[in-house]
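This report concerns only the one structure given below.
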Amino acid sequence: VTEYNNTVQGFMVGEVDRIINMNWSEILPPPDGTGRQHYLTAITRVNDRLVEIIDVEKVLAEISPYNTNISDEVIDHDLLSLAKGLEVLVVDDSSVGLAQCKSTLDHLNIKVHSATDGKRGLELLKKWAGEGEDVPNKLLMMITDAEMPEMDGYRLTREVREDPRLKDLYIVLHTSLSGSFNKAMVQKVGCDDFLSKFQPDKLATIIQERIRSVVEAE
354 VTEYNNTVQG
364 FMVGEVDRII
374 NMNWSEILPP
384 PDGTGRQHYL
394 TAITRVNDRL
404 VEIIDVEKVL
414 AEISPYNTNI
424 SDEVIDHDLL
434 SLAKGLEVLV
444 VDDSSVGLAQ
454 CKSTLDHLNI
464 KVHSATDGKR
474 GLELLKKWAG
484 EGEDVPNKLL
494 MMITDAEMPE
504 MDGYRLTREV
514 REDPRLKDLY
524 IVLHTSLSGS
534 FNKAMVQKVG
544 CDDFLSKFQP
554 DKLATIIQER
564 IRSVVEAE
């Protein structure tokens, strides 16, 4: 029984072999060539055995599809007329998570860049910075998942805050795990906001509040 995406689910399994704790640096992306039609989100090794990690978000999305539409009363159309050309980086290892976020951002006329884990997200940010881009001004924000292969969202945020070129980037932690642990970690690592998945109206509200603050600062 789990609490996930603000709901409670029960997963039926044949048997539990054992429960293990792993460091996120030991969790790796699926091998190249696995394609898209699968339920893998990551892999790891335990005692020289390959262990596959399922994409729970994809499973749940197929059982109970998420709504990605934004309520019309939430949208500030005058404000969003200023959003054209604004860019957001979304970092999420789940193909479903990326698609959900992109769908909502598309409704807001936001250009979306994406990365499938924290390591790749950080590499992209540093690439832009290395090319002379003012990344905190280039991006309206970065929206990052918490649990990802190789580098999780908490470490990604710490790495960004420690880089003088990136430290002022606005960061939203967007995770399917909700609870006081995550909120405490958000404050500890220095995220600007926290949103549990998947709530298109709340995501739209955060985006619009950020646009408003940027416009007022100009």
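Going by the numbering used here, the sequence shown opens with residue 354, and the numbers climb by one from there. Every residue, glycine too, gets a C-beta built ideally from N, C-alpha and C.
Compute the distance between the beta-carbons of E405 and L393, then report whether it is under 8 Å. Taking the C-beta atoms as reference points, L393 is found nearer than 8 Å to E405.
Terminal residues of the alpha helix (DSSP H) in which H430 lies: From DSSP, the alpha helix (DSSP H) with H430 extends over 430-433.
Can you grab the Cα-Cα spacing for the pair T469 / D446, in whole Å? Straight-line Cα distance between these residues: approximately 4 Å.
Specify the secondary structure class of I407 as computed by DSSP and reduced to three states. Note: I407 maps to strand in three-state DSSP.
Taking the beta strand (DSSP E) that Q362 falls in, what are its first and last residues? Q362: member of the beta strand (DSSP E) spanning 360-362, first to last residue.
Less than 6 Å between C-beta atoms, sequence neighbours within five positions excluded: which residues of the same chain meet that for P467? Per the sequence shown, the amino acid found at residue 467 is Ser instead of Pro. Cβ contact annotation for S467 (same chain, cutoff 6 Å, sequence separation greater than five): V443, L451, in chain order.
Which listed residue (S566, V567, K550, I560) has its alpha carbon closest to that of Y419: Closest by C-alpha distance to Y419, out of S566, V567, K550, I560, is K550.
Beta strand (DSSP E) segment containing I396, residue limits: From DSSP, the beta strand (DSSP E) with I396 extends over 393-399.
Among the residues of its own chain, which have a CB less than 6 Å from the CB of D521, if the five just before and after it don't count? P489.
Rounded C-alpha distance that separates G438 from V465: Taking the straight line from one Cα to the other gives about 10 Å.
How far does the beta strand (DSSP E) with T528 in it extend, from its first residue to its last? For T528, the uninterrupted beta strand (DSSP E) segment begins and ends at 524-528.
With a cut-off of 8 Å on the beta carbons, I'd call K553 and P382 a contact; round off their distance for me. The question names Lys, yet the displayed sequence has Pro at residue 553. Actually they do not touch by this definition, with Cβ atoms about 27 Å apart.
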